[in-house]
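Structure, as structure tokens:
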Amino acid sequence: MKENCGGNKKKKKKKKKKKKKKKKKKKKKKKKKKKKKKEKKKEKEKEKEKEKEEEEEEEEEERRRRREEEEEEEEEEEEEEEEEEEEEEEEDIIPLGFLFHPTDEELLEFYLQRKVEEKSMSIELIRQVDIYKYDPWDLPSMYYIGVYLFSF
52 MKENCGGNKK KKKKKKKKKK KKKKKKKKKK KKKKKKKKEK KKEKEKEKEK EKEEEEEEEE
112 EERRRRREEE EEEEEEEEEE EEEEEEEEEE EDIIPLGFLF HPTDEELLEF YLQRKVEEKS
172 MSIELIRQVD IYKYDPWDLP SMYYIGVYLF SF
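Positions 52 to 203 (the working numbering) are the ones given, in order, by the sequence shown.
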């Protein structure tokens, strides 16, 4: 019996060693799995960061585009305002036929005031030409009046 007892101890030791080896293998597998999971998480985080960066870049580009569009719109508005001002200035100039209409004295006064300001002429000098006796649609007489008035 004593001989058998010694053999049993050796078998038990071998079994224990095998169990330990199995445990070690399991631990190694678990560690590998954990590492893989950690790597996957890191990769996912990197991808998320990349996506965030891309989104930020897109937002910046959109902002730039908006700014450029706003600047262009402002420039267009300024140009339109300038054109409107030019048109208003052109509208201020009234054709001769309308200026010398005998019934419209306000236009005539406006015209006389402009002439005074532009040419530094007196209203009396301008009125020396008898504007009221001419027909507004009589072009030759209008021509001579215009030449006379603009010659100062």
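The beta-carbon is built from N, C-alpha and C at its ideal position, and this holds for glycine as well.
In this structure, the straight-line span from the alpha carbon of lysine 87 to that of lysine 97 is close to 15 Å. One alpha carbon belongs to lysine 60, the other to lysine 78, and they sit about 27 Å apart.
For the pair glutamate 102 and lysine 89, the Cα-to-Cα distance works out to about 20 Å.
Spanning the alpha carbons of lysine 91 and lysine 84 requires a straight line of approximately 10 Å.
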